[in-house]
Amino acid sequence: MPEYQDILIEKRDRHAIITLNRPEKMNALSHNLRAEVFDAMKHFELDESVKVIILRGSGRAFSAGYDLSGTPPDEHSYVDTRSGLPRVGPIHPGQGQWPQHLLSGYWQIWDLTKPVIAQVHGYCLAGGTELATMCDLMFIAEDAIIGYPPVRAMTSVDIIYHPWHMHQKKVRELLYTGDSLTGLEAVEVGWANRAVPVEGLCEATETFAERIANIDSPMLQMTKRQINRVYEIMGIRTSMAAGADIQALSSVRPGGGEFGRISQEKGLKAALDWRDGPFEDYGKAPPGTARPNPATW
């Protein structure tokens, strides 16, 4: 099997597992990590012994979001040598191309011929929610924290998946505040499939993956394609492309650069405190606030 820098891969029975492996960065989605995830999925897509893919994270988080710190270009074929970005869609940094670039990557998961299950624990924030939500299914720890805080001060969401998973009123509540949900609440609103205590999350996810694997791969492929086509006819691709365009506009609104300015002058923690302080959550939560459990695998 291929060897990677920022992910771990393995095969078990009839399913494969891809583990985001930057625990010291809470699995922040660097350009290289995203490229490796897409490459590994394509590798397992060609492996006839693999029927289902599980995507999970190590350490305290599934993923805390995008890492835009400027990873140097990688020499692997799946990373563009000019930009250091995954070889998907537009090779940034054209004006407004970042969200379209992200969306091009997530359509690879959508179009993959095999089902992908996101196994979410700990913190799943910002871009981490986009990666998890664009998978076919989501199994989540009951105490996981999932949300999109960048809408408070940075930009609107890169990938407007929310209306496809929950009621309009709930979408507005979450995106007007940047508030998060627990894993149990995510299931209640239709964002995730099942919530499980973190110590049983691996077993529950892998057991369900093997349940799916009882179906032959060509049948699974046709069923996934059939479901995808229905949502495409309803406009999921067009609406997400339009949403990405609006995200680009939100980044150049008056005051749109304030978070970046504070981050550059005072550091990222100061910018996050400025953003989240009025809401008293995430890093500014009161002492004694319950925190989600780390991975047990």
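Numbering (my numbering), first residue to last: 278 to 574. Each residue gets a CB set at the ideal place from its N, CA and C atoms; glycine is no exception.
{"Check": "In chain order, which beta strand (DSSP E) runs of at least 3 residues are fully inside the stretch 313 to 340?", "Outcome": "329 to 334, 338 to 340"}
{"Check": "Who are the Cβ neighbours of A521 in its own chain at under 6 Å, not counting the five residues just before and after it?", "Outcome": "P376, Q377, L380"}
{"Check": "For A469, which option in G477, T459, E476 has the closest C-alpha, if you only look at C-alpha atoms?", "Outcome": "T459"}
{"Check": "Hey, is the stretch 441 to 459 in contact with the stretch 485 to 501, meaning 3+ C-beta pairs nearer than 8 Å?", "Outcome": "no"}
{"Check": "Does Q282 come out as helix, strand or coil in the three-state DSSP assignment?", "Outcome": "coil"}
{"Check": "How long is the line joining the alpha carbons of E287 and I294, rounded to whole angstroms?", "Outcome": "5 Å"}
{"Check": "Starting from the N-terminal side, write out each stretch of the alpha helix (DSSP H) that is 4 residues or longer and does not extend beyond the stretch 388 to 476.", "Outcome": "404 to 410, 445 to 454, 460 to 465"}
{"Check": "Shortest alpha-carbon distance to S516 belongs to which of K546, I436, C479, Q503?", "Outcome": "I436"}
{"Check": "Whole angstroms are fine: how far does the CA of E487 sit from the CA of E480?", "Outcome": "11 Å"}
{"Check": "Round the Cβ separation of Y453 and A403 to the nearest angstrom and send it over; I've been treating them as touching at under 8 Å.", "Outcome": "At roughly 16 Å, the Cβ-Cβ gap does not stay under 8 Å, so Y453 and A403 are not in contact."}
{"Check": "Name the DSSP bridge partner or partners of T296?", "Outcome": "L285, R333"}
{"Check": "First and last residue of the alpha helix (DSSP H) that includes R502?", "Outcome": "494 to 511"}
{"Check": "Taking only the alpha-carbon atoms, compute the straight-line gap between G477 and E535 and give it to the nearest angstrom.", "Outcome": "42 Å"}
{"Check": "Considering only DSSP beta bridges, list what L306 is partnered with.", "Outcome": "Y343"}
{"Check": "Start and end of the alpha helix (DSSP H) containing F485?", "Outcome": "478 to 489"}
{"Check": "Under 8 Å Cβ to Cβ from E407, same chain only, skipping five residues before and after it: list those, please.", "Outcome": "L379, Y383, V434, D435, I436, Y438"}
{"Check": "Could you check whether P474 and R552 sit closer than 8 Å to each other, using their CB atoms as the reference points?", "Outcome": "no"}
{"Check": "By DSSP, does W574 sit in helix, in strand, or in coil?", "Outcome": "coil"}
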